[in-house]
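In what follows, a single structure is set out as structure tokens and then discussed.
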Amino acid sequence: MTIARTQNWIQEPMLYAIHCLDRENALSIRLENYDAHRDYLNATQTNIVLAGPVTADDRSTPIGSFMIISVNNQEEAERFNHGDPFYRLNVWDEASIRIQPFIKRRGWSEDT
């Protein structure tokens, strides 16, 4: 793939993937503040394409979060992430947080 072809996919707003792993022993804080986290996601003006927990191998214990959002730039993605109660309450290990541009090639749409 050439850079020129990749640049053809760049549009505003752009999709950003946000991947956050929880701090060790943060499960109780996560569970106590889940409603506040969900309320934040429901109330935000940010277009959330998808969001959900990352789980342990048991497929039920949440150990992090993954979201794809549609915003104009990296700063907006970071601002959205920093407003989340899980971020403010240090549920997520700050060193694990990755916010990166994402190019959708397939999925969730008939035009893929």
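Adding 264 to a residue's 1-based position in the sequence shown gives its number in the numbering used here. Yeah, the Cβ is synthetic: ideal placement off N, Cα and C, and Gly gets one too. This structure is a prediction, so every number in the text was calculated from the model and none was measured.
Taking Cys284 and Ser334 to be in contact with their CB atoms under 8 Å, please state how far apart those CB atoms are, rounded to whole angstroms.
-> Their Cβ separation, rounded to whole angstroms, is 18 Å, which puts Cys284 and Ser334 out of contact at 8 Å.
Start and end residues, beta strand (DSSP E) containing Ile367 = Annotation for Ile367: no beta strand (DSSP E) segment contains it, and DSSP assigns it neither H nor E.
Enumerated in chain order, which unbroken segments of the beta strand (DSSP E) with a length of 3 residues or greater are wholly contained in the segment 272-357?
-> 278-285, 311-319 and 326-335
Excluding the five sequence neighbours on either side, which residues of its own chain have a C-beta within less than 7 Å of the C-beta of Thr310, listed in chain order?
-> Ile333, Val335 and Phe344
Using the C-alpha atoms, what's the distance from Ala300 back to Gln364?
-> 25 Å
Residues of its chain near Lys368, where Cβ-Cβ distance is below 7 Å and the 5 sequence neighbours each way are ignored = Leu279
Under 8 Å between C-beta atoms of Phe330 and Gly347 = no
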